[in-house]
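In the numbering used here, the protein residues as written are 3 to 140. C-beta: ideal position from N, C-alpha, C; glycine also.
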Amino acid sequence: MSSAPDADTPHELEFTSQAYDTFDLPAQGAVKVHHDLFNHQSGGVRFTRGRKQIALVSTHQPEQAALTALVAAHGVRGLVWIPLAVDEECARLHHRYQAFLDDRAQHIRQLAEERTGDAELQERIAQSVLERIEANPR
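Rendered as structure tokens:
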């Protein structure tokens, strides 16, 4: 998601629409979808450090905001390509990316289970690995 739509890195998901927006996501900050009270047709993603807002990335549609927040929350930062919500492309890509993240987490948990029988240790291992992946996804 951080380069051209035809990129071939494992976390890239190709989208079929040629219409997309490019957003520059800050390198740091907690992520939260922002809903504009005055314009329900658009949205955005708020990046905060503590209680202080460090950036607000405005999107054209709420679907774009949801997808942008999802990829940013899982470590993808910098310039990202997000398709327009035309023909539900954003919702489809959001679903596919979430499925990828869920499968990855399940696989990591399965690998931890194969290496130890202690449930608490399994969870700590899985959590640690997922945090490292999200901190440096590239």
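The way I'd put it, the segment 101-117 doesn't touch the segment 41-56; fewer than three beta-carbon pairs between them come closer than 8 Å. For Leu58, the enclosing beta strand (DSSP E) begins and ends at Lys54 to Thr61. The three-state secondary structure of Val73, taken from DSSP, is helix. Counting every other CB atom within 10 Å of its CB across the protein chains shown gives Thr118 a total below 16, marking it as exposed. Counting along the chain, the unbroken alpha helix (DSSP H) around Val131 starts and ends at Ala121 to Ala137. Nearest in C-alpha terms to Leu69, of all of Ala21, Arg98 and Asp38, is Arg98.
For the 8 Å CB-CB criterion, Leu72 and Gln30 do not form a contact. Rounded to the nearest angstrom, the gap between the Cα atoms of Ile56 and Val35 is 14 Å.
In this structure, the CA atom of Ala128 is about 33 Å from the CA atom of Gly45.
The three-state secondary structure of His37, taken from DSSP, is coil. Going by beta carbons, Leu81 and Thr24 fall inside the 8 Å limit.
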